[in-house]
Amino acid sequence: MRTDLITREGFDALQQELNYLWREKRPDVTAKVAWAASLGDRSENADYQYNKKLLRETDRRIRFLRKRLEVLKIVDYSPQQDGRVFFGAWVEIENDDGEVLNFRIVGPDEIYGRKDYISIDSPMARALLKKAVDDDALVRTPTGDKLWFINAIRYT
Numbered sequence: 001m002r003t004d005l006i007t008r009e010g011f012d013a014l015q016q017e018l019n020y021l022w023r024e025k026r027p028d029v030t031a032k033v034a035w036a037a038s039l040g041d042r043s044e045n046a047d048y049q050y051n052k053k054l055l056r057e058t059d060r061r062i063r064f065l066r067k068r069l070e071v072l073k074i075v076d077y078s079p080q081q082d083g084r085v086f087f088g089a090w091v092e093i094e095n096d097d098g099e100v101l102n103f104r105i106v107g108p109d110e111i112y113g114r115k116d117y118i119s120i121d122s123p124m125a126r127a128l129l130k131k132a133v134d135d136d137a138l139v140r141t142p143t144g145d146k147l148w149f150i151n152a153i154r155y156t
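Using UniProt numbering, the first residue of the sequence shown is number 1, and each one after it goes up by one.
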């Protein structure tokens, strides 16, 4: 399951990545491939093979981003969300052992490279949705059910 929701910041980051790949990286790699191809025998030319592979990977990512950006729906903050956990919320939770977690609930395209973001599709996010401060949420995990208490909710 993959939700097609994204925050405005996440959408802008994906758009910037696409622009960089299309306008800067791809022309640079294409020039390197052309230069390496001009040297002659391509079968034993490491520069040609490496840059051709890099060009394929870049083109694959460009295609993915173009298709993905078309279907994503940007979710902006609404004052009606105050006091409850919804998409885009920063949440602080605590369990009975005193373990405290802080994270933001975002779309699945935004979580990579971030330790403080979780996907809206995760069991933790699903359990927290529509809860308020001082509510408790029962999260089902492979190791058993865990109880978490909501300490704070904020939107940026």
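C-beta atoms are modelled at their ideal positions from N, C-alpha and C, and glycine is treated no differently.
Query, Result
"Could you name the residues that DSSP lists as bridge partners for S119?", "V106"
"Quick check: D121 and T3, are their CB atoms within less than 8 Å of each other?", "yes"
"Tell me, which residues are paired with E9 by DSSP?", "Its beta-bridge partners do not exist; DSSP assigns none."
"Starting from the Cα of E24, find the closest Cα among G113, F86, D59 and give me that residue.", "D59"
"Along the chain, where does the alpha helix (DSSP H) that runs through N51 open and close?", "46-71"
"On the criterion of 16 or more Cβ atoms from any shown chain inside 10 Å, does A5 qualify as buried, or is it exposed?", "As written in the sequence, residue 5 is Leu, which differs from the Ala given in the question. Under this definition L5 is a buried residue."
"Along the chain, where does the beta strand (DSSP E) containing W22 start, and where does it finish?", "Here W22 belongs to no beta strand (DSSP E), and DSSP marks it neither H nor E."
"Helix, strand or coil: how does DSSP classify L129 here?", "coil"
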